[in-house]
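Going left to right, the sequence shown walks through residues -16 to -1, 1 to 470 as mature numbering (1 follows the signal peptide of the UniProt record, and there is no 0) numbers them.
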Amino acid sequence: MLTVLYLQLFFTLAFAKYQPTWPSLDSRPLPSWYDESKFGIFCHWGVYSVPAYRSEWMWWYWKGEKPDKDVVRYIDRNYKPGTTYADFAREFTAELFDAKDFADIVKSAGARYFVLTSKHHEGFALWPTRTSWNWNSVDVGPKRDIVGELKDAFKGTDVHYGLYFSLFEWFHPMFIDDGKYNTTTYVDQVSYPQLLEIVNRYKPEVVWSDGDWDKSDEYWRSKDFLAWLYNTSPVKDKVVVNDRWGSGTIGKHGGFLTFSDHFDPGKLLDRKWENCMTLDKASWGNRRTMKSSDVHTVHEIVEQLARTVSCGGNLLLNVGPDMHGKIPPIFEDRLRELGKFLNANSEALYGTKPWIHQNDTGNTWYTSRISSTALPRNRLYNPQIEGETIVYAWVLDMPTKDLELQNLKTTDRTKVTFLGTDVSFEPGAKSSLLIKFDNIPWRHLLRNDVMVLKIENAASQTRGRERKRRRTFRKFPDFHWSYDAF
């Protein structure tokens, strides 16, 4: 069967639009839905939610090359002697899991796409893969097709469904032997067939690759896979991928770029990129020891979202469900509160582009939209054209006195509206925009720690040198390689 698939792939690529080379693959335009979406939810879920200790890398910390004493001590104290990681899979029952509940929370958060870990580095698949007997969610544990149930739950919604996939597995004997003997057995019999499975079976609109860093893109056959994905797969016209396809590809090749977790350049990049971060500051997977202070506040999330979108990125915010199949209440509360704010300020987010300036005084960040249809669809930012460009100012540090936005030049036609309210004013023609403290409609704002201004008919400008940026969002420590710890 695999031989037939590979032959079909070979003959298809011979006459394909995209060839299995990086120059050809990188020339593919990114489907527009991704840039327009701006905000997605990541979901890390697997057997690691059973011990739920330290992070989703718990198995590696326990049995890897250099075991972590704290993790070893935790297992020794809380589980019977002889316990193996496979024993945790039997306890991963997900008896309270309802895919519709997940979908409802994601939609209420204002997310426009959702990415599930179909398989993390532990190798446990959340679908009934033919290549991993008794190490998937149908054969053991939940006895359910998690990937399929969530796929069905998002049907008919405006949320695009995506799948994360770890190319490597820590302890898979074929992968280990490949390293010893310079073979490709693991790729040929496990990872590559699994990639074909999830695309053909579930038709994800995002394929989020990871676990690539130890081997080359040649070993992973990444270029062959992407050429098939772009040319003949069932999602060839709408799928987007990231940049983790082999050592040296991150930040260079693929669809959108991720660079590292919590990536925040503070400036406009020349490629579409994504900032992936997690609600729990110390783990992507569920963690029993998490404290309320470990969870990002809504203001911190809004701040990171504004900074990211202003510089041309998307934000992918992670949650880690527990072993029973529930998203922790504190995560749900954060997401629903966030969604209320995004709903009230939706026009400043979805479908916008960066502006000629990314930021301004008062920790203010800009997005924009334009009415002109003559501009190229794939432009990096909107120009400032009086009467055509609408500018949105995300004020993240609420002023304690008058606020002057120096990058906005106003005219006699300029109108400023406090989004989420019906309050507006006309500042007149000036060299900057002055927001008087006494004119801020505090009682009508949805939140008292952030506001969004809509500025219409600002004066025309050209893009000049960018202002020196002040970093206000604290960069939380990376945990380990890849987005888990790059």
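Glycine included, every Cβ here is placed at the ideal spot set by N, Cα and C.
Q) Grouping DSSP H, G and I as helix and E and B as strand, with all else coil, what is I285? A) Translated into positions along the sequence shown, residue 285 becomes position 301. Helix at I285.
Q: Go through its chain and collect everything with a Cβ distance to P249's Cβ below 7 Å, but skip five positions before and after it.
A: As a working mapping, residue 249 is identified with position 265 in the sequence shown. Within the same chain, P249 has close Cβ partners C295.
Q. Is there contact here, the segment 439 to 447 with the segment 362 to 381, by at least three beta-carbon pairs under 8 Å?
A. yes
Q | Test item: CB-CB of L387 and I439 under 8 Å | A | Locating residue 387 in the sequence shown gives position 403, counting from the first residue. Locating residue 439 in the sequence shown gives position 455, counting from the first residue. Cβ distance not < 8 Å, so L387 and I439 don't count as in contact.
Q | E321 to D136 span [Cα, whole Å] | A | The residue given as residue 321 occupies position 337 in the sequence shown. The residue given as residue 136 occupies position 152 in the sequence shown. For E321 and D136, the distance between alpha carbons rounds to 25 Å.
Q. When you compare each of L179, S193, I182 to F240 by their alpha carbons, which one comes out closest?
A. Translated into positions along the sequence shown, residue 240 becomes position 256. Minimum Cα distance to F240 is reached at S193.
Q.
Below 8 Å, how does it come out for the segment 226 to 239 and the segment 194 to 214: are there three or more Cβ pairs, yes or no?
A. yes
Q. Can you list, in chain order, the residues of its chain whose CB lies under 6 Å from that of S355, leaving out five sequence neighbours each side?
A. Taking the first residue of the sequence shown as position 1, residue 355 is located at position 371. Exclusion of the five residues before and after S355 leaves E372 as the residues of its chain whose Cβ lies within less than 6 Å of its Cβ.
Q.
Using DSSP's beta-bridge definition, name the partner residues of F98.
A. Against the sequence shown, residue 98 aligns to sequence position 114. Paired residue(s): I25, Y145.
**Q.** Whole-angstrom distance between Q368 and M382, CA atom to CA atom
**A.** Here residue 382 is taken as the residue at index 398 of the sequence shown, counted from 1. Here residue 368 is taken as the residue at index 384 of the sequence shown, counted from 1. When rounded, the distance between both Cα atoms is 25 Å.
Q | Reduced DSSP secondary structure (H/G/I, E/B, other) of E258 | A | Residue numbering aside, residue 258 sits at position 274 when the sequence shown is read from its first letter. If DSSP states are grouped into helix, strand and coil, E258 belongs with the strands.
Q: Count the CB pairs spanning the segment 138 to 155 and the segment 170 to 179 that are closer than 8 Å, and state whether there are at least three.
A: yes
Q. Looking at the structure shown, is T456 part of a helix, part of a strand, or coil, going by DSSP?
A. The residue given as residue 456 occupies position 472 in the sequence shown. At T456, the pLDDT of 41 sits below 50, so the modelled position is not reliable and the matter cannot be decided from this model.
Q.
Taking 7 Å as the limit between beta carbons, can you name the residues of its chain near K399, skipping five residues before and five after?
A. Taking the first residue of the sequence shown as 1, we reach residue 399 at position 415. So the list reads S408, E410, E440, N441, once near-sequence residues are dropped.
Q: Would you mind working out which of S11, A(-1), E75, G24 sits nearest L299, comparing C-alpha positions?
A: For the purposes of this step, residue 299 is taken as residue 315 along the sequence shown, with counting starting at 1. Ranking S11, A(-1), E75, G24 by CA distance to the CA of L299 puts G24 first.
Q) Where does Q368 fall in DSSP's three states? A) As a first step, residue 368 is located in the sequence shown; it is residue number 384 there, counting from the start. Note: Q368 maps to strand in three-state DSSP.
Q. K139 to A83, Cα distance in whole Å?
A. Taking the first residue of the sequence shown as position 1, residue 139 is located at position 155. Taking the first residue of the sequence shown as position 1, residue 83 is located at position 99. Those two C-alpha atoms are separated by around 11 Å.
Q | For H156 and T101, believed in contact at Cβ under 8 Å, the rounded distance | A | Within the sequence shown, residue 101 is the residue found at index 117, counting from 1. Within the sequence shown, residue 156 is the residue found at index 172, counting from 1. Contact doesn't hold; Cβ gap of about 17 Å is too wide.
**Q.** Inter-residue spacing [alpha-carbon to alpha-carbon] between E258 and S21
**A.** Taking the sequence shown and counting its residues from 1, the one referred to as residue 258 is at position 274. Taking the sequence shown and counting its residues from 1, the one referred to as residue 21 is at position 37. Pairing E258 with S21, the inter-Cα distance amounts to about 12 Å.
Q.
Taking its Cβ as the centre, do 16 or more other Cβ atoms sit within 10 Å of A358, making it buried, or is it exposed?
A. Numbered from its first residue, the sequence shown carries residue 358 at position 374. Flag for A358 reads exposed.
Q | Identity of the residue in L252, H237, H144 nearest H341 by Cα | A | If you number the sequence shown from 1, residue 341 lands on position 357. Comparing Cα-Cα distances from H341 to each of L252, H237, H144, the minimum goes to L252.
Q: Over the uninterrupted beta strand (DSSP E) stretch that includes I182, give me the two end residues.
A: As a working note, residue 182 is residue 198 in the sequence shown. Segment 176 to 186 is the alpha helix (DSSP H) holding I182; no beta strand (DSSP E) there.
Q.
Just to confirm the assignment: which complete alpha helix (DSSP H) runs, minimum length 4, are found wholly within the segment 62 to 100?
A. 69 to 75, 83 to 92
Q: Count the C-beta pairs between the segment 54 to 68 and the segment 282 to 291 that are closer than 8 Å, then say yes if the count reaches three, no if not.
A: no
Q) Nearest-angstrom Cα distance between E49 and W154? A) Along the sequence shown, read from residue 1 onward, the residue named residue 49 stands at position 65. Along the sequence shown, read from residue 1 onward, the residue named residue 154 stands at position 170. Rounded to the nearest whole angstrom, the C-alpha separation of E49 and W154 is 10 Å.
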